[in-house]
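Residue numbers (my numbering): 423 to 958.
Written out as structure tokens, the structure reads:
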């Protein structure tokens with residue numbers, strides 16, 4: 423251990439001596455620290471030049487990220503990440519909550535190595551200790567934002583539970599094929615110290631902290647939402663945003679440090695969406711239509727962008743991966759628009775509709791027009807392609823966004839939805855004819871539900887798809903999905919000219935799980951991906 427510490431000291435010395443005399447002096451001043459925990463903390467503080475602000479947020483100056491030596495997790499640049507190793511495992515959050523099966527949710531490990539005898543199969547299941555959590559999204563304790571910090575280690579997967587409010591910390595490094603529970607952050611501790619509940623998106627910060635968006639208070643009121651900070655040992659630190667600077671609604675967020683900006687999106691009040699989707703709740707103001715622009719890392723709400731009736735229920739939000747870029751997109755579910763946000767010439771932020779999915783006139787459904795319902799999207803690491811799903815319509819789309827203002831449709835494939843042949847729901851065309859989508863069977867299986875969560879391989883050539891949105895909404899719109907369980911698909915991507923095609927050899931069937939059919943949601947690679955990692 424002594425030699426390892428000496429190595430880290432020498433490594434940090436050589437890196438930072440070339441980038442900051444100030445950091446070198448700080449390092450030499452503190453060489454008396456000897457324990458592993460203290461050493462790790464000291465090096466992290468050096469790498470990010472941390473300044474602790476009064477409201478508890480860590481201010482990060484982009485010092486270590488540009489150092490000559492890169493020994494931290496992830497990759498130095500998004501383009502470098504594209505040359506990373508091919509994925510062999512993928513972690514999937516799987517849900518029994520809301521299905522009527524009194525079993526705990528679990529984290530599945532799926533084999534995605536084509537040369538493996540267990541290819542496209544679940545090879546491990548880690549059940550959480552409690553029933554009724556609703557595992558949903560996930561993130562890492564460290565990612566490429568910590569790449570300049572040799573003491574950082576991508577070891578723990580963060581699993582917020584949307585309904586119970588628990589946050590599970592999963593050790594994926596000891597045995598990547600069979601992760602183990604490391605710690606549980608209890609909701610009582612979070613509520614007592616912050617008042618926050620309904621945790622959703624988590625991102626690691628270059629400081630070593632973890633930031634988690636929370637969608638409301640313990641009673642499901644959106645007014646209680648905000649951003650939770652956990653330290654590197656997963657202790658509750660407090661809220662990230664300054665007092666009085668919480669958004670009206672919470673959901674996803676992404677930070678772009680070179681523009682000193684974080685932007686968050688807005689789903690709705692937990693008291694509303696946890697009971698299922700009621701269109702009246704939109705009229706009642708219980709769902710969002712705004713983006714919230716924060717100073718980063720200061721936590722001040724600087725601007726609120728009202729997306730109006732073209733931007734109802736803005737969910738997933740991403741900046742372009744290039745950290746110098748000042749533009750990104752948000753998928754607005756109910757109005758099925760991809761909205762581009764960008765920095766204007768005067769330094770403020772603005773927005774415009776970049777892609778519109780027209781609603782379809784339908785027969786035999788709950789309302790006369792069916793929106794596409796864009797529920798997830800992502801951007802390839804080279805910022806060339808944008809992919810999104812229409813959970814209701816049933817298609818996955820690929821757009822070339824080399825000109826971010828003018829996306830071009832380059833690929834589309836149908837993998838389920840409410841309009842597939844055999845469904846009672848049909849679309850009405852302008853000529854009076856009816857239409858349903860042709861959805862192929864995969865390995866003899868009819869595809870259930872609609873495409874919901876997606877994950878892209880680092881090289882951009884494989885897109886993975888699951889089909890559960892949220893158990894209550896699954897029950898409402900795709901009851902067969904709850905009865906028979908989810909599945910996971912893989913779509914081959916043409917990264918030269920564009921184009922999508924279903925891989926007929928890949929099908930993960932969550933209908934045959936040992937404890938009964940389960941609902942599969944978000945996916946993560948052990949080494950990070952285009953929706954977990956942020957570059958500074």
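Positions of the beta carbon are idealized from the N, C-alpha and C atoms, including for glycine.
Quick caveat, the model's predicted, so the values are computed rather than measured.
Separation of residue 725 and residue 714 (C-alpha to C-alpha, rounded to the nearest whole angstrom) is 6 Å. Setting aside the 5 residues that flank it on each side, residue 746 is surrounded in the same chain by 680, each with a C-beta closer than 8 Å to its C-beta; the list follows chain order. Bounds of the alpha helix (DSSP H) holding residue 895 are 893 to 899.
For residue 501, the three-state secondary structure derived from DSSP is helix. For residue 871, the CB contacts under 6 Å within the same chain, skipping 5 residues up- and downstream, are 838, 889, 900, 903 in chain order. Inter-residue distance for residue 509 and residue 880 is about 8 Å (C-alpha atoms, whole angstroms). For the pair residue 500 and residue 568, the CB atoms are not nearer than the 8 Å cut-off.
Taking each of 918, 928, 581 in turn and checking the Cα distance to residue 539, the smallest one comes out for 928. Taken through DSSP and simplified to helix, strand or coil, residue 858 comes out as coil. Within the segment 770 to 812, the complete beta strand (DSSP E) segments at least 3 residues long are 771 to 778, 782 to 785, 796 to 801, 807 to 812, listed from N- to C-terminus.
Contact between residue 850 and residue 785 holds: CB atoms are separated by about 6 Å, below the 8 Å threshold. A direct Cα-Cα distance of roughly 13 Å separates residue 743 from residue 826. About 7 Å separates the CB atoms of residue 587 and residue 620; that is less than 8 Å, so the two are in contact. When secondary structure is reduced to three states using DSSP, residue 926 falls in the strand class. Going by C-alpha positions, residue 794 is about 42 Å away from residue 571.
No Cβ-Cβ contact shorter than 8 Å links residue 947 with residue 876. Its chain contains 515, 559, 560, 875 as the residues whose beta carbon lies nearer than 6 Å to that of residue 944, once the 5 sequence neighbours on both sides are disregarded; these appear in chain order. A distance below 6 Å between beta-carbons, with the five flanking residues on each side excluded, links residue 602 to the following residues of its chain, in chain order: 593.
The DSSP-derived three-state label of residue 601 is coil.
For residue 615, the enclosing alpha helix (DSSP H) begins and ends at 609 to 616. For residue 549, the enclosing beta strand (DSSP E) begins and ends at 544 to 549. Sixteen is the threshold: when 16 or more other Cβ atoms of the shown chains lie within 10 Å of the Cβ of residue 690, as they do, the residue is buried. Burial state of residue 956 is buried, judged by a 10 Å Cβ sphere holding 16 or more other Cβ atoms. At the C-beta level, residue 606 and residue 910 stay beyond 8 Å of one another. Nearest to residue 705 by alpha-carbon distance, out of 686, 737, 756, is 756. For the pair residue 616 and residue 768, the Cα-to-Cα distance works out to about 35 Å. Assignment of residue 521 by DSSP, reduced to helix, strand and coil, places it in the coil class.
In this structure, 763 is the residue among 518, 848, 763 with its C-alpha nearest to the C-alpha of residue 686. Boundaries of the alpha helix (DSSP H) around residue 702: 701 to 705. The continuous stretches of beta strand (DSSP E) do not include residue 692, which lies in the alpha helix (DSSP H) extending over residues 692 to 695. In the DSSP assignment, residue 945 falls within the unbroken beta strand (DSSP E) covering 941 to 946. DSSP places residue 864 in no beta strand (DSSP E); its state is neither H nor E. Look at residue 958 here: in three-state DSSP terms it is coil, with no helix or strand label. Nearest in C-alpha terms to residue 644, of all of 666, 614, 604, 693, is 693.
At the C-beta level, residue 777 and residue 829 come within 8 Å of one another.
Here residue 540 carries a coil assignment [DSSP, helix/strand/coil].
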